[in-house]
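J.: Can you read through this structure? Questions will come right after.
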Amino acid sequence: MKKAKEVIFDNYTRNTSMPSKRVNRKNLEAERKSLPVFAYRKDIIESVKNNPTTIIVGETGSGKTTQIAQYLLESGYFNDGVIGITQPRRVAAITVAKRVAEERGTELGDEVGYSVRFDECTSMNTCIKFLTDGMLLREAMLDRELSQYSVLILDEAHERSLQTDILCSFIRYVQQSRKIRLIVMSATIQCELFENFFYPNHSGSNFPNHIIQIKGRTFPVEIYYTPTPEPDYLEAALIAILQIHLDLPTGDILVFLTGQEEIESLAEMLEEKLPLFPKDAKSLLIYPLYAALPPEQQLAVFTPTPPDSRKVILSTNIAESSVTIQGIKYVVDSGMIKIRVSQTTTGLESLLVTPVSKSHAWQRSGRAGRESAGKCFRLFPEDAFLALPEDAVPEIQRCNLSSMILQLKTMGIEDVLGFHYLQAPSRDSLKRSLEQLLLLGALDRRSGSLTKLGREMALLPLDPLYSRLLILSKEYHCSAEILDIVSILSVENVFYSPREEREKANVSHKRFASVYGDHLTYLNVFHAYREEKGNVQWCHDNYINSRSMKTAVEIRKQLVGYCQKIGIEEISCEGEFDQVRRCLAAGMFVQVANRVKEVVKNSRCEYQTIIGHKTAAIHPASVLFQRKPYPDAIQELVYTTKEYFRGVTAIEAAWLPELIPEWFSSKSNLDVCLINSVHSLL
1 MKKAKEVIFD NYTRNTSMPS KRVNRKNLEA ERKSLPVFAY RKDIIESVKN
51 NPTTIIVGET GSGKTTQIAQ YLLESGYFND GVIGITQPRR VAAITVAKRV
101 AEERGTELGD EVGYSVRFDE CTSMNTCIKF LTDGMLLREA MLDRELSQYS
151 VLILDEAHER SLQTDILCSF IRYVQQSRKI RLIVMSATIQ CELFENFFYP
201 NHSGSNFPNH IIQIKGRTFP VEIYYTPTPE PDYLEAALIA ILQIHLDLPT
251 GDILVFLTGQ EEIESLAEML EEKLPLFPKD AKSLLIYPLY AALPPEQQLA
301 VFTPTPPDSR KVILSTNIAE SSVTIQGIKY VVDSGMIKIR VSQTTTGLES
351 LLVTPVSKSH AWQRSGRAGR ESAGKCFRLF PEDAFLALPE DAVPEIQRCN
401 LSSMILQLKT MGIEDVLGFH YLQAPSRDSL KRSLEQLLLL GALDRRSGSL
451 TKLGREMALL PLDPLYSRLL ILSKEYHCSA EILDIVSILS VENVFYSPRE
501 EREKANVSHK RFASVYGDHL TYLNVFHAYR EEKGNVQWCH DNYINSRSMK
551 TAVEIRKQLV GYCQKIGIEE ISCEGEFDQV RRCLAAGMFV QVANRVKEVV
601 KNSRCEYQTI IGHKTAAIHP ASVLFQRKPY PDAIQELVYT TKEYFRGVTA
651 IEAAWLPELI PEWFSSKSNL DVCLINSVHS LL
């Protein structure tokens, strides 16, 4: 096949420590004994018996995730409660639970189970439970002592997710009132932060062997860099995949990208190339892997590669350390990652694509040497790698903390400013999140305690904005429509536009467009999808992402169950869509932006948020982008850049005093009222 362009890599080799060889499924017991962690089982049991907290460092693939809970169960010392193991992602919790159940010869959900958002598989017999860190936090909201557990294991702690950081702090708090053992597991050797937190002032000397480092097997990984920066890393990834597939020996390929849109786009580009392969070329099997993918499709990546074929897995950072995929010999690293970042003035969150840290890059390259020597192709120059930060900024220091504050207060932690955090967020960040919760009515303006609305919001597994919106939908008699909208907002990109068919896709998407904006457009898509009974061909013909829609349907089913628990019946507005718009305005009024009448340039109108006073224009992808006359006000969802609002609904500015009288009925300045309320809580 003729190549339009080649990515040329400077050969750069470095050895990295890698995990064990391919699983021998015919003899699970022999395989368990072959794992690096097996040699440390007695040390681990003794450490957990003698220390309140044990810190275990073991590289990905050392066996710590699947084996340590089994060692504790088999020891008989910790059978007075469940052994819980957290994972930052649902796909990891489910796949590891299945693997451990297989090793123990039991049905999944019996002795070994799992609990993830919108899905639980446990029973009264469950002794080992894998769950996401978010689910353990939700359990703590209902049971502050976490009384069902004898041991809790926080896995992948090096990722520094907001939930895992909070669990470190909260379990340390629980240890003051009852005996519960904690194991903090990390894939990196930088464990000083955890040691200083759990054993301050070096008092760990009173607790022998509280840190255990598991040595793994090492396989060399050759690292290749591009000589110059790549202007389009998707195109560069495409060429790298084709070069590997056509020129290099057997072995599957793992490609790291930033999100669903990039993954779907690259998958489409690869599909277009398949018919051009030489007749004697192996089949190339394309598997996407990202959080919004339905569980059964996520699990498909673990399917063994057939003979005369090669798998290419297009993944987000899910595959960095959370899951181990057999057969990977080649890694293609875009060097980019998508992270949540809170705007400093408004507190609104954005999803930003940013370069990875060195730690991320080494985790990614390490996947190529899981079973034997491998190769990693970094789509950036070596000097760019050397300029990367050593570690990523932890989520607690860059994200909106409103959900965290709701959870802490529900768990009995009223003083969120004075709480002992693993690594404290900034005071300004906490202040902005308190402001948002005060505005949403989740906190009492005098005491700072949870209101009735705040307690209900905390029970829903959603962002506080969505929780408030769903609760208010009962009052506006449109809970069915809001359930649809929230479910579709919980997935990524229901529309897709192939590069070669962009005009056709745009024409098709316009059929669903609502004059009132993007949220009602999403509602039209959901209704049409339901009428077509989820027909995949219909999705393809209309350039609708069938995977996203299927996931949205599953999320909606689960949300209905949560709503029933807090007394929200499913009621339709029966076509009275002004009720939906009013509910959106009332539920998420903190994201309302007013038209700036005196600023109209380049045929676009600019808007200013009522909180934070950020000025921006409507994104070209919004159905409201070309609407004339421009709406007086919009309810915006995501502030994507310093120029655009995306995901917007047109509302009437005159509605706000009626819908939110506590903040808009008087002539007093909203910012002044808010500042005074927050200052009373600090």
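To convert, note that position 296 of the sequence shown is 296 in UniProt numbering; the numbers rise steadily by one, no gaps. Cβ atoms here follow ideal geometry from the backbone N, Cα and C, with glycine treated the same way. Quantities reported herein were computed from a predicted structural model and do not represent experimental measurements.
With 7 Å set as the bound, which would you pick, yes or no: does the beta-carbon of valine 393 sit closer than that to a beta-carbon of chain D?
T.: Here chain D cannot be found, since the structure has a single protein chain.
J.: At a cut of 8 Å, does the region 241-249 reach the region 478-488 through at least three beta carbon pairs?
T.: No, because fewer than three Cβ pairs between the region 241-249 and the region 478-488 fall closer than 8 Å, the two stretches do not touch.
J.: Please name the residue in Lys311, Gln436, Ser75 whose C-alpha comes closest to that of tyrosine 330.
T.: By 1-based counting over the sequence shown, the position of residue 330 is 330. Residue Lys311 is the option with its Cα nearest to tyrosine 330.
J.: Along the chain, where does the beta strand (DSSP E) containing isoleucine 337 start, and where does it finish?
T.: In the sequence shown, counting from the first residue as 1, residue 337 sits at position 337. Residues 336-342.
J.: Would you check if the distance between the CB atom of glutamate 395 and the CB atom of leucine 131 is smaller than 7 Å?
T.: Taking the sequence shown and counting its residues from 1, the one referred to as residue 395 is at position 395. Taking the sequence shown and counting its residues from 1, the one referred to as residue 131 is at position 131. Result no, Cβ atoms of glutamate 395 and leucine 131 do not sit closer than 7 Å.
J.: Are the beta-carbon atoms belonging to alanine 650 and tyrosine 516 less than 7 Å from one another?
T.: For this step, residue 650 is matched to residue 650 along the sequence shown. For this step, residue 516 is matched to residue 516 along the sequence shown. For alanine 650 and tyrosine 516, yes; Cβs fall inside 7 Å.
J.: Keeping to the same chain, check which residues put their C-beta closer than 7 Å to that of glutamate 606; ignore five residues upstream and five downstream.
T.: Locating residue 606 in the sequence shown gives position 606, counting from the first residue. Closer than 7 Å at Cβ, skipping near neighbours: Val596, Val599, Thr615, Ala616, Ala617.
J.: Could you tell me how far apart the beta carbons of valine 37 and cysteine 191 are, in whole angstroms, since I believe they sit closer than 8 Å?
T.: For this step, residue 37 is matched to residue 37 along the sequence shown. For this step, residue 191 is matched to residue 191 along the sequence shown. Contact doesn't hold; Cβ gap of about 16 Å is too wide.
J.: Assuming the contact rule is C-beta atoms closer than 8 Å, serine 315 and alanine 237 should be a hit. Round their C-beta distance to whole Å, please.
T.: Indexing the sequence shown from 1 puts residue 315 at position 315. Indexing the sequence shown from 1 puts residue 237 at position 237. About 12 Å; that fails the 8 Å criterion.
J.: Reducing DSSP to helix, strand and coil, say where cysteine 563 ends up.
T.: The sequence position of residue 563 within the sequence shown is 563, counting from 1. Helix at cysteine 563.
J.: Per DSSP, which one or two residues make a beta bridge with phenylalanine 495?
T.: As a working note, residue 495 is residue 495 in the sequence shown. Paired residues: Ile544.
J.: Note down, one range per segment and in chain order, each alpha helix (DSSP H) of at least 4 residues found wholly within the region 93-158.
T.: 133-142, all fully within the region 93-158.
J.: Return the CA-CA distance between glutamate 120 and threonine 126, expressed in angstroms with no decimal places.
T.: Locating residue 120 in the sequence shown gives position 120, counting from the first residue. Locating residue 126 in the sequence shown gives position 126, counting from the first residue. Taking the straight line joining both Cα atoms gives about 12 Å.
J.: Reducing DSSP to helix, strand and coil, say where valine 37 ends up.
T.: Locating residue 37 in the sequence shown gives position 37, counting from the first residue. It is helical.
J.: Taking the Cβ atom as the reference point for each residue, do tryptophan 538 and glutamate 532 lie within a distance shorter than 7 Å?
T.: Numbered from its first residue, the sequence shown carries residue 538 at position 538. Numbered from its first residue, the sequence shown carries residue 532 at position 532. Yes. Within cutoff.
J.: Can you tell which of Arg144, Asn50, Glu74, Leu152 has its C-alpha closest to the C-alpha of isoleucine 85?
T.: In the sequence shown, the residue the question calls residue 85 occupies position 85. It is Leu152.
J.: Who are the Cβ neighbours of methionine 457 in its own chain at under 7 Å, not counting the five residues just before and after it?
T.: Taking the first residue of the sequence shown as position 1, residue 457 is located at position 457. Correct list, in chain order: Leu406, Ala442, Pro464, Ser467, Arg468, Ile471.
J.: Would you give the residue range spanned by the alpha helix (DSSP H) that valine 486 belongs to?
T.: Counting from 1 along the sequence shown, the entry for residue 486 is found at position 486. Counting along the chain, the alpha helix (DSSP H) containing valine 486 begins and ends at 479-489.
J.: Can you determine whether any heavy atom of the ligand FAD sits closer than 6 Å to the C-beta of proline 394, and answer yes or no?
T.: Ligands in the displayed structure: none, and consequently the ligand FAD is not present.
J.: Going straight from the alpha carbon of leucine 72 to that of serine 572, what length do you get?
T.: If you number the sequence shown from 1, residue 72 lands on position 72. If you number the sequence shown from 1, residue 572 lands on position 572. Leucine 72 and serine 572: Cα-Cα distance of roughly 51 Å.
J.: Restricting to runs no shorter than 4 residues, where is the alpha helix (DSSP H) found entirely within the region 33-88?
T.: Correct list: 41-50, 64-75.
J.: To the nearest angstrom, report how far apart leucine 440 and proline 304 are at their CA atoms.
T.: By 1-based counting over the sequence shown, the position of residue 440 is 440. By 1-based counting over the sequence shown, the position of residue 304 is 304. Answer to the nearest angstrom: the Cα atoms are 49 Å apart.
J.: Excluding five sequence neighbours on each side, which residues of the same chain lie with their C-beta closer than 8 Å to the C-beta of serine 622?
T.: By 1-based counting over the sequence shown, the position of residue 622 is 622. Excluding sequence neighbours, serine 622 sits near Gly517, Asp518, Phe645, Arg646, Gly647, Val648.
J.: Evaluate contact between the region 177-196 and the region 103-117, counting only Cβ atoms and requiring at least three cross-stretch pairs below 8 Å.
T.: Segments in contact, no.
J.: Could you please give the first and the last residue of the uninterrupted beta strand (DSSP E) stretch that includes glutamate 500?
T.: One-based indexing of the sequence shown puts residue 500 at position 500. Unbroken run through glutamate 500: none, as it is neither H nor E.
J.: Are the beta-carbon atoms of valine 494 and serine 447 separated by less than 7 Å?
T.: Translated into the one-based positions of the sequence shown, residue 494 becomes position 494. Translated into the one-based positions of the sequence shown, residue 447 becomes position 447. Not a contact, by the Cβ cut-off of 7 Å.
J.: If contact is defined by three or more beta carbon pairs under 8 Å, each pair taking one atom from either stretch, is the region 372-383 in contact with the region 138-146?
T.: The region 138-146 vs the region 372-383: no contact.
J.: Does the pairing of the region 385-392 with the region 353-360 give three or more beta-carbon distances under 8 Å?
T.: They touch, by the three-pair rule.
J.: In angstroms with no decimal places, state the Cα-to-Cα distance between glutamine 70 and proline 661.
T.: As a working mapping, residue 70 is identified with position 70 in the sequence shown. As a working mapping, residue 661 is identified with position 661 in the sequence shown. When rounded, the distance between both Cα atoms is 57 Å.
J.: Between which residues of its own chain and serine 169 is the CB-CB distance below 7 Å, once the five residues before and five after are set aside?
T.: Residue numbering aside, residue 169 sits at position 169 when the sequence shown is read from its first letter. Cβ neighbours of serine 169 beyond the five flanking positions: Phe419, His420, Tyr421, Leu422.
J.: Can you say whether glutamate 271 is buried or exposed, counting buried as having 16 or more other CB atoms within 10 angstroms of its CB?
T.: Taking the first residue of the sequence shown as position 1, residue 271 is located at position 271. When all chains shown are included, glutamate 271 counts as exposed.
J.: What do you reckon, are the CB atoms on glutamate 300 and isoleucine 286 nearer than 7 Å?
T.: Taking the first residue of the sequence shown as position 1, residue 300 is located at position 300. Taking the first residue of the sequence shown as position 1, residue 286 is located at position 286. According to the sequence as given, residue 300 is alanine; it is not glutamate. Contact flag unset, no.
J.: For leucine 254 versus isoleucine 328, is the C-beta spacing smaller than 7 Å?
T.: On the sequence shown, position 254 is the one that residue 254 refers to. On the sequence shown, position 328 is the one that residue 328 refers to. Yes, the Cβ-Cβ distance between leucine 254 and isoleucine 328 is below 7 Å.
J.: Using DSSP with H/G/I as helix, E/B as strand and the rest coil, what is glutamate 662?
T.: The sequence position of residue 662 within the sequence shown is 662, counting from 1. Glutamate 662: helix per DSSP, three-state reduction.
J.: Do you know whose CA, among Ala240, Ile244, Ala101, Ile212, lies nearest aspartate 43's CA?
T.: As a working note, residue 43 is residue 43 in the sequence shown. For the residues Ala240, Ile244, Ala101, Ile212, the minimum Cα distance to aspartate 43 belongs to Ile212.
J.: Just to confirm my understanding: we take alanine 513, look at its own chain, exclude 5 residues before and 5 after, and list those with CB closer than 8 Å. What are they?
T.: Taking the first residue of the sequence shown as 1, we reach residue 513 at position 513. Here the set comprises Thr521, Asn524, Val623.
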